Structure formats: C-alpha cells, structure tokens
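**Q** Before we start, here is the structure in question, set down as structure tokens.
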C-alpha cells in the first residue's frame, strides 16, 4: 500500500513539474514574441470618444452621441473613493510592478480546473491596458500582450498617475466613462463630493455594468456594493462603524439622469450581437 502511495505521489509530482515546465516555456516564448509591442500612451488619457451611428440606408444619424470623458485629479478625491477601487480590484496595487504573479498562478489553475477563462487576475494597470488598447477577446495571447504592456506602463508612470488614468477611463455603464461623468449621472454630483457609500456603489457597477446597473437592477447592485465595503473593512480602509452605517442605510440614485439615447441603445445592441462589452465597442 505504501509503495502504491509513493508511486502515485511521484507520478503527481512529475506531472506538476512537467506542467510547470511547459507553462514556463510557453510564457517565455510569448514574452519574447511580444517584447516589441509598443505602449500607446495617446489612448490612456483620451478626452473624448465619438461613435458614428448609421441607419439602414448608410446615412449617418445626426444625434449627439459623444462621451464627454470629463477628468478629475486624484488629489481632488476623498481617499476612500480610490481606496474602494483598490480594495476590491487590486489590493496589492502599490506593491506590485504591474502584474501580480500569485493571482495569475491561482487564476490559471482555476481556469484549467473549470475548463474556462473566467478568471483573469488583472491588476488595475492591466485593466487600464486592456480597456484602452487591446481587444476584449479572452485568450492567453491577449493576456501575454496585456502583461507586457502593463509592465511598460509601470515603468513610465507613477502608481498615482496610473490610478488617476484608470479612474478617468473606466466604463461605468449607461454611456459613462470616467468617475466624474458616472458621479454626475448616478448621483448628480461631482466625484469630489462622493460619499463612501456612493463610491462603493460605483465600484460595484464596473464589475459588470450591464448586470450591476443601479438604475434597472438596484437590489443586485446594492448586494455587490456591500461586498466592496466588506473588502474595505477587511483591508482596514474603513472602520466597523463606517461599514455598518453604509450597509444598513439606503442610497439614492439620481432621478434626473438622461434617458438612454438612440446611440447608446444601438451600441448596447451591437455589444450583444457581437458578444463584446460596450466598453470594447466604444473604445474601438
């Protein structure tokens, strides 16, 4: 019996080492393959996006369909605003160099186990790269490009500069790009005026804007918002009293936000048909 256990143990170890060797070889070959991909700094802080919409006769629809992308400086925001994003999206943001190896290894094993690509383990730097200059496809090839460019990003910009660009370019649903526009749309206030509870709700939205939409799916968004607050509590970014005050209080969504335009409806439908996110459609 002991011999059988030993044989199984050695066989398992051999398979793991062989798998690690193959994975390492694949990773190294891709790093070499994509080492010359340039970082496009122009699209990291783009001020405006305009999407041309055409009718069935190929005539452009003259509807206002630009996304203002108003920006805000990191220093203008209360600390809990950006800490809420870091706590749930990338708690080691200030400690890594664009990539979190532990999260990648964990996500890789889980994806292999589940035979899917559901976990990406992207850092905030990787998310900025993915949203600004890569396609939305979920492949290891794109992930290798993302890793390479995220590391280049970290070499060129400070952590706070990266965080500021991220907050000003991330998609919050309902045609809102950047935290300033999202604050105006959902709460009719500037990002600098956001409360802790409101900040956590905006973080909840970015996980899946079409699912966690506080305008159409309030209760599900609130549940996700409370998970964000729980992560902040665990990271000691808020106190138990602050957590309780937010979790057990309601949150008002602005009733003055504009009705979705024809352009926004067209983009949403295109995203469904093409199986892409609205973010990918708008950013090209």
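In the numbering used here, the protein residues as written are 22 to 305. Cβ coordinates follow ideal geometry from the N, Cα and C atoms, glycine included. Please read all numbers here as calculations on a predicted model, not as lab measurements.
#1: So for residue 86, helix, strand or coil by DSSP?
#2: CA-CA distance, residue 126 and residue 120?
#3: Considering only their Cβ atoms, is the gap separating residue 65 from residue 186 smaller than 7 Å?
#4: For the alpha helix (DSSP H) containing residue 226, name the first residue and the last one.
#5: Out of curiosity, what's the CA-to-CA distance linking residue 62 and residue 75?
#6: Here's the rule I'm using: 16 or more other beta-carbon atoms within 10 Å means buried, otherwise exposed. How should residue 296 be labelled?
#7: Per DSSP, what kind of secondary structure is residue 75 in: helix, strand or coil?
#8: Take every Cβ of the segment 210 to 229, pair it with every Cβ of the segment 103 to 114, and state whether three or more of those distances are shorter than 8 Å.
#9: Indicate whether the contact test is met: 3 or more Cβ pairs, each with one atom in the segment 148 to 157 and one in the segment 180 to 194, closer than 8 Å.
#10: Any heavy atom of the ligand SAM closer than 6 Å to the Cβ of residue 292?
#11: State the start and end residues of the unbroken alpha helix (DSSP H) segment that holds residue 110.
#12: What distance in whole Å lies between the Cβ atoms of residue 272 and residue 218, which are believed to be in contact at a cut-off of 8 Å?
#13: Out of 298, 294, 283, 200, state which residue places its alpha-carbon closest to the alpha-carbon of residue 73.
#14: Can you tell me the Cα-Cα spacing of residue 179 and residue 232, whole angstroms?
#15: Look at the alpha carbon of residue 86 and the alpha carbon of residue 288, and state the distance between them as a whole number of angstroms.
#16: Along the chain, where does the alpha helix (DSSP H) that runs through residue 160 open and close?
#17: Using a Cβ-Cβ cut-off of 6 Å (strictly less than) and excluding sequence neighbours within five positions of residue 276, which residues of its own chain qualify?
#18: What whole-angstrom Cβ distance do residue 93 and residue 213 have, given they're in contact under 8 Å?
#19: In terms of residue numbering, what span does the alpha helix (DSSP H) encompassing residue 190 cover?
**A** On the basis of the coordinates in this document:
#1: Residue confidence for residue 86 is low, a pLDDT of 48 falling below 50, so the modelled location carries little weight; the figure read from the coordinates is stated next. Here residue 86 sits in coil by DSSP.
#2: Rounded to the nearest angstrom, the two C-alpha atoms are 11 Å apart.
#3: yes
#4: 217 to 228
#5: Distance between residue 62 and residue 75, taken at the CA atoms: about 30 Å.
#6: exposed
#7: strand
#8: yes
#9: yes
#10: The ligand SAM is not among the ligands present in this structure, which contains no ligands whatsoever.
#11: 100 to 110
#12: 5 Å
#13: 283
#14: 32 Å
#15: Residue placement at residue 86 is poorly supported in this model, since its pLDDT is 48, which falls under 50; the coordinates still yield a value, given next. For residue 86 and residue 288, the distance between alpha carbons rounds to 10 Å.
#16: Element bounds for residue 160: n/a, residue is neither H nor E.
#17: none
#18: 7 Å
#19: 180 to 190
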